[in-house]
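Data block below; observations after.
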Amino acid sequence: MRKLFADTTPLRHDDFRRLWTANIVTVIGAQLNILAVPAQSYMLTGSSSYVGLSGLFGLIPLIVFGLYGGSLADAMNRRTLLHITTTGMIITAAGFWLQAAIGINNVWLILSLFALQQALFAVNQPTRTAIIPKLVGKQNIAAATSLNMTVMQTGAIVGPLVGGALIPLLGFSWLYFLDFLALFATLWAVHRLPSLPPEPASSTDATAPSKPGFRSVLEGFAFLMSQPIILMSFLVDLIAMTFGSPRALIPQISHVDFGEPAEGGMMYALLFAALPVGAVLGGVFSGMVTAIVRRGLGVTISVVVWGGSIVLMGLAIMLADGRVNAWAWIALGAFAIGGAADMFSAVLRSTMLQEAADDNLRGRLQGVFIVVVVGGPRLADIIHGWGGAHYGAGPTTAVGGALVIICTLIAVALVPRFLTWTPHDKVNGGAEMASPRREQHAPAQPECNAPERHTPRPEHCTSEPEHNTATSEGSS
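Once you know that position 226 of the sequence shown is 226 in full-length UniProt numbering, the rest is easy, because the numbers rise by one and skip nothing.
Right, dumping it as structure tokens:
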């Protein structure tokens, strides 16, 4: 039974526990912001196209700063970088608060602040993720990832429910102000972290950047191109999020399809909360997910279930007919099922990526990971915002879910090895999942456990040979 529930071992590490606990507060505040931005934009314009436009304003800085931020995380002290970006996010949250409190009511100012916020997030998030192995040890990566995602999704439940209740009573300014205050919790936890300088570059390791920049970003991409299984995990998630994330349609669904006020109501809050409700339930039972050995197969099944739930959600929205009825609740339930499936997929993909690279590459790879994970929904905002404005929220949602299933099955059919891959496998024709150019430069060394019939024991072997149990462990 213990293997069924979440593994809390990483919380025994003080630095991780402080950061994790502070994140509970910060995530709730962030979700208030996430709720307020589209609601305020829709209230000012009455158009899903403007809500979808936030996807474009978020995508461009996300790509630029996500990739460059990953190279920064590999080249400078990660604690310092977290200090800088968290402080910047606090200043941006203050900007959101002031524009709402003063009553400027300019959608372009909101979108500009959103773009700045996403640029800071794009540097902050891969840095936070890249420090996990240093804080908890490589053996606890999957458990720590699951705990982090569970907190994020729990905040994504509480935030919209609190925000949905506060908007009619207090307006948008108080939601932005609470986000501003909540960020100080993370700033405190970051201040308590130890110094996290980059690992010294080995003379044989061409992937350790001497300074951040375009070249070091290319090194991260070069590694990904040498690992088709990891690249495939990125592609599958991009398919799932680009076609299957109807987030930009939530204001329209609430107002047009469920008959609520334009500024939002309880169904608006519940639509935002439904996805993380499912994700939290998935996180509670994440023990069985972290034990999955065929991780590519687990990701594929999760993404197909996600697509199916979005199809059901779209059909239910069409049948709701402008009222909060049984079909509206079915749509919420389908969205929650999708949240659980997305949680399982995210844990498996993030674990695969963390296992794939040495510490001097993790920042850059997490930068690419964040671009895909957050960039997919930003693309979806643009596509769904346009589709919802022209064809309605229900049909746009249902067609998107169907495309997720179709495109995912085509992708895995082209790379069937993805379905059978395990962490113990070798990838790309025998290259181990490590820094791609290290093996090309490092001189070969004799095996420590090789028979010593004719040759002396190699000098680099400092201990007696031990029984190799990797084979038996890999088959479990």
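Just so it is clear, CB atoms sit at the ideal spot from N, CA and C, and this is done for glycine as well. Please read these numbers as outputs of a predicted model, since none were measured by experiment.
Close CB contacts of Q118 within its chain, under the 6 Å cut and outside five residues either way in sequence, are with G58, P61 and L62 (chain order). Q227 carries a coil assignment under DSSP once its states are collapsed to helix, strand and coil. Nearest neighbour of G265 by Cα position, chosen from G46, Q125 and L169, turns out to be L169. In this structure, L135 keeps its C-beta atom at 8 Å or more from the C-beta atom of D7.
Of all C-beta pairs linking the stretch 143-157 to the stretch 81-91, fewer than three are shorter than 8 Å, placing the two stretches out of contact. For the pair of segments examined, the stretch 296-308 was found to touch the stretch 333-350: the number of CB pairs separated by less than 8 Å reaches three. Looking only at Y176, R378 and G69, the smallest Cα-Cα distance to G29 is reached by Y176. Between the C-alpha atoms of P10 and H384 there is a straight-line separation of about 38 Å.
Boundaries of the alpha helix (DSSP H) harbouring G163: I141 to L170, taken from the DSSP string.
The Cβ atoms of P246 and I337 lie no closer than 8 Å to each other.
Note on T422: under 16 other CB atoms within 10 angstroms of its CB, so exposed under the neighbour-count rule. Distance check between G322 and each of L271, S254 and G46 places S254 closest, using alpha-carbon atoms only. Here M232 has V415 and F418 as same chain residues with Cβ atoms under 6 Å from its own Cβ, once five neighbours each way along the sequence are excluded. The alpha carbon of F335 has as its nearest neighbour, out of G401, R378, V293 and T127, the alpha carbon of G401.
With contacts defined by Cβ atoms closer than 8 Å, A274 and Y42 do not form a contacting pair. Contact between V305 and T154 does not hold, since their C-beta atoms are separated by about 21 Å, which reaches or exceeds 8 Å. Distance from the CA atom of A130 to the CA atom of V368, rounded to whole angstroms, is 12 Å.
In the DSSP assignment, W421 falls outside any alpha helix (DSSP H) and carries neither an H nor an E. In this structure, DSSP gives I60 a helical state, which the three-state scheme calls helix.
Assigned with DSSP and collapsed to three states, D179 falls in helix. Nearest to V51 by alpha-carbon distance, out of R378, I104, A326 and A144, is R378. For the 8 Å CB-CB criterion, R294 and T420 form a contact. C-alpha of G314 to C-alpha of G137: approximately 42 Å in a straight line. The residues G29, in chain order, have a CB closer than 8 Å to that of L181 in the same chain once the five nearest residues on each side in sequence are set aside. Residue environment for W327: buried (at least 16 other C-beta atoms within 10 angstroms of its C-beta). Taking a 10 Å sphere around the C-beta of T397, we find 16 or more other C-beta atoms and assign the residue as buried. Straight-line measurement puts the Cα of N325 at about 36 Å from the Cα of V372. Taking 8 Å as the cut-off, the beta carbon of G388 is found closer than this to the beta carbon of Q252. In terms of Cα proximity to I250, the closest of D381, L116 and L19 is D381.
For G296, the enclosing alpha helix (DSSP H) has its first and last residue at R295 to A320.
Taking every protein chain shown into account, the CB of V303 has 16 or more other CB atoms within 10 angstroms, so this residue is buried. Annotation: L111 to S54 spans about 6 Å, alpha carbon to alpha carbon.
The three-state secondary structure of P38, taken from DSSP, is helix. Listed in chain order, the non-local C-beta contacts of A240 below 6 Å within the same chain comprise V303, W306 and V404, local neighbours out to five positions each way being set aside.
Cβ atoms of L82 and R128 come within 8 Å of each other, at about 7 Å.
When secondary structure is reduced to three states using DSSP, A262 falls in the coil class, being assigned neither helix nor strand.
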